[in-house]
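Since the structure comes first, as structure tokens, the remarks are kept for the end.
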Amino acid sequence: MKHAEFAPEIESFGRHLSTIVEQEDLYGALNMTKADFDIVDFLLEIDSHYVNVQEFVDHIDIAFIKRQLEAHLGAGTSSGRRLVVAPSSPLFDTVLQDMSEHFENVAFIDKHRGGTPVGGHTIEASDTFEVCPDDLCLILTRNTEAAAAYQNQFGAQNCVNFLKVFDREKMARSAPQLNDFIGKVNATEKPILFSSPRPMGTVASTIRELGRRGYSPFWLGAEEVKEDHQIGYSTPRVSDVAFMGYHIGGLLDNLRTFTSLTHGTVLFHFEAIYPPNWDFNRVAICYAATLAMIRTVKDCRKTGSSARFALYMYDAIKPGVKNYHMGGSCGRLYKAMMAEAEAIIFSSYTEPFGDFVSNAVGKDLPRVHCHRYQVMPKNRQPRLTDAYHIAIISVLLEEFWEPSRMGIVPYVREIIGQGVHVHYYAGDVNHPKLAEFRMSIPADRRHQFHLHKPIHDLDELSSELSQYHAGWSLFNMQIFNDMTTHLDDQFTSDAMEMFTPTTLPSVIWTCAAAGLPIICNRSMRGVVDMLPEGMTLPLSLSELGNLKNILDTLDWEKIDATSLDGLDIANQIHKLSDFLEELHAA
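Per our numbering, the sequence shown starts with residue 1, numbered consecutively.
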């Protein structure tokens, strides 16, 4: 691979990625043949996961569109090719209005906005839109799966992907402020650089405690969360996390920063490089891209640097519910990724999972199991006495598609029917799914469903939760049993079998530290083992119809007397800080 417009770090990453794709024959996972594969196009797709959406939106105007159409003379005129904008997001309504005024022959389509008027036109439903052979589709989204669907619908040769045009410019040069940011990081004694497209609320307590231990935590991301509807338990504003500083940039900025650190540790949120989305095709590509990233950092790192590149494992391994035939590639790439990693931080899985991976790889991996402990309430409140109150602080009511969270709605409704109050801390309190759920509750019970905006102040959240009776971490884990049935790769199948017994979801630490027993799956043995006796309620979905009676049997005085000091992040952060010290000493 040699492209003059790309930086050396991108060249190296592309070279490693091409080699891995060829060796593992991942072309089918990309829905193409080897002859169709274009590494530049693939790099642009990966870079799209590091795009600042607002910057992309601001970049697209009628002048930009006209420049892209210079190679398609007559497009949009009454006698020329019809322009079809897909999708037609409300983010681009101003652009759609301008296009209506500038082009005679234009149509707008969208999966969710069919029937919506804009610019004198009516947006048509994309799934019923009649494509003409000479249509020119202007793809206007950063969602790579949606873009691929439109390419299949219109034919790749009949599409212009505006995001890839934008990305090509971003991959040619880093942001102007990057050198200053790198300088600030290198100027600190013990820098920690957390890399994820958005700041993650689940690491807020870890970041704060590392700062108190003398580390200097920074964030390298793609976009800030600014709008209220974007904010959730896991997606705070950057100001809600105790970073010393941050930088917004794309794939090149990440690579250049990783390779320019003179010391310190990068905590790389690996799954963001190519979101797996419960598809083993995408899981394999995610591992391939991460492996290429590891090799690029080692190749391009400045001479004399003592910095280390650590994989921050939110999920210890990525699951899927389709394309099970890719299990073999996923297993091989995962083991290669773990074998070549300079450090591995399992943030939500017990030691047995790490032991399993080490044994399967045949190597003593440089790893630590440092869980996402939270803070104890500074102002613990007395428990409410009018009824039982349960806190749900992660997505559960099907606001978006996640297989392990699907099918829980009827059980939550059943719990409310028993007289139990449910406090739901939602990212978007105006989400239509929440209104739909509320209306599905009998009118005389709706007052028991309480919607709250997420709280990102760690002390405030802990204190507020302390007034309730239980936290929720019970999901549809049957899907992992299904995976072990369908996968024919032994390693990947074994890993999925271990997923539930070793997982430690973030919510258990947040709720338990606040004094709430955790309602969890019976198969979550790690949760039961890690929390103090009496602080878990292991149940199956079938048992939830009796939840109120189960809560009646608990010894609440004993629960309130349980020592929870071991759950305070301040008493646990030493595991991570000791690991980091040993990593650099070695």
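Using N, Cα and C, we set each Cβ at its ideal position, and we do this for glycine too.
{"query": "Pull up the distance between the alpha-carbon of Leu-291 and that of Ala-336, whole angstroms please.", "result": "7 Å"}
{"query": "In the segment 5-55, which residue ranges form an unbroken alpha helix (DSSP H) of at least 4 residues, counting only runs that do not cross its ends?", "result": "8-24, 39-47"}
{"query": "Measure the beta-carbon distance from Phe-270 to Leu-311 and round it to whole angstroms, keeping in mind my assumption that it falls under 8 Å.", "result": "5 Å"}
{"query": "Considering Cα atoms alone, identify which of Thr-144, His-431, Pro-87, Asp-494 is closest to Tyr-50.", "result": "Thr-144"}
{"query": "Give the straight-line distance between the Cα atoms of Gln-153 and Ile-109, rounded to the nearest whole angstrom.", "result": "12 Å"}
{"query": "Closest to His-447 by C-alpha separation, out of Ile-123, Leu-73, Gly-114, His-423, would be which residue?", "result": "His-423"}
{"query": "Pick helix, strand or coil for Thr-265, following the three-state DSSP scheme.", "result": "strand"}
{"query": "Per DSSP, which residues does Cys-511 bridge with? Please list them.", "result": "For Cys-511, which the question treats as bridged, DSSP gives no partner whatsoever."}
{"query": "Hey, Trp-472 and Ile-408: beta-carbon distance below 7 Å or not?", "result": "no"}
{"query": "Taking C-beta to C-beta, are Leu-193 and Asn-158 nearer than 7 Å?", "result": "no"}
{"query": "So who's on the other strand from Pro-117, going by DSSP bridges?", "result": "Thr-122"}
{"query": "Thinking just about the alpha-carbon of each residue, which of Gln-490, Met-496, Phe-491 is nearest to the one in Gln-478?", "result": "Met-496"}
{"query": "If you reduce the DSSP assignment to three classes, tell me which class Tyr-411 lands in.", "result": "helix"}
{"query": "How many angstroms separate the CA atom of Thr-262 from the CA atom of Phe-42?", "result": "30 Å"}
{"query": "Mind the definition here: the segment 457-470 touches the segment 504-517 only if three or more C-beta pairs lie below 8 Å; say whether that holds.", "result": "yes"}
{"query": "For Pro-8, which residues of its own chain have a beta-carbon under 8 Å away from its beta-carbon, when the five flanking residues on both sides are left out?", "result": "Cys-300"}
{"query": "Using C-beta distances below 6 Å, list every residue in its chain close to Phe-37, excluding the 5 sequence neighbours before and after it, in chain order.", "result": "Tyr-27"}
{"query": "Just to confirm before moving on: does the CB-CB distance between Asn-571 and Ile-248 stay below 7 Å?", "result": "no"}
{"query": "Does the count of Cβ pairs from the segment 358-374 and the segment 431-446 closer than 8 Å reach three?", "result": "no"}
{"query": "Roughly how many angstroms lie between the CA atoms of Met-313 and Asp-355, to the nearest whole one?", "result": "15 Å"}
{"query": "Going by DSSP, what residues sit across from Trp-219 in a beta bridge?", "result": "Phe-194, Tyr-246"}
{"query": "If you pair each beta-carbon of the segment 314-327 with each one of the segment 277-284, do three or more pairs fall below 8 Å?", "result": "yes"}
{"query": "State the DSSP-derived secondary structure class of Ser-463, mapped to helix, strand or coil.", "result": "helix"}
{"query": "Pairs of beta-carbons, one from the segment 402-422 and one from the segment 430-441, closer than 8 Å: are there three or more?", "result": "yes"}
{"query": "Taking Tyr-425 as part of the alpha helix (DSSP H), name the residues at either end of that continuous run.", "result": "Per DSSP, Tyr-425 belongs to no alpha helix (DSSP H); it is in the beta strand (DSSP E), 421-425."}
{"query": "Should Ala-222 be labelled buried (16 or more other beta-carbon atoms within 10 Å of its own) or exposed?", "result": "buried"}
{"query": "Return yes when the C-beta of Gly-201 is under 6 Å from any heavy atom of the ligand FMN, and no when it is not.", "result": "Within the structure as shown, the ligand FMN is missing, as the structure has no ligands at all."}
{"query": "How big is the Cα-Cα spacing for Leu-564 and Leu-44?", "result": "48 Å"}
{"query": "Are there three or more Cβ pairs, one per stretch, closer than 8 Å when the segment 61-69 is compared with the segment 109-124?", "result": "no"}
{"query": "Alpha carbon to alpha carbon, how far is Ile-273 from Leu-73? Give it in angstroms, no decimals.", "result": "37 Å"}
{"query": "If you draw a straight line from the alpha carbon of Phe-449 to that of Glu-402, how long is it in whole angstroms?", "result": "22 Å"}
{"query": "Return the chain-ordered list of same chain residues with a C-beta closer than 6 Å to the C-beta of Tyr-388, the five sequence neighbours on each side being excluded.", "result": "Val-420, His-469, Leu-551"}
{"query": "According to DSSP, what are the bridge partners of Cys-520?", "result": "Ser-473, Pro-538"}
{"query": "Assign Asp-279 to one of three DSSP states: helix, strand, or coil.", "result": "coil"}
{"query": "Among Asn-521, Asp-489, Cys-511, Thr-510, whose alpha-carbon lies nearest the alpha-carbon of Thr-502?", "result": "Asn-521"}
{"query": "Alpha carbons only, please: which of Ile-573, Leu-583, Glu-582, Glu-581 is nearest the one belonging to Arg-212?", "result": "Ile-573"}
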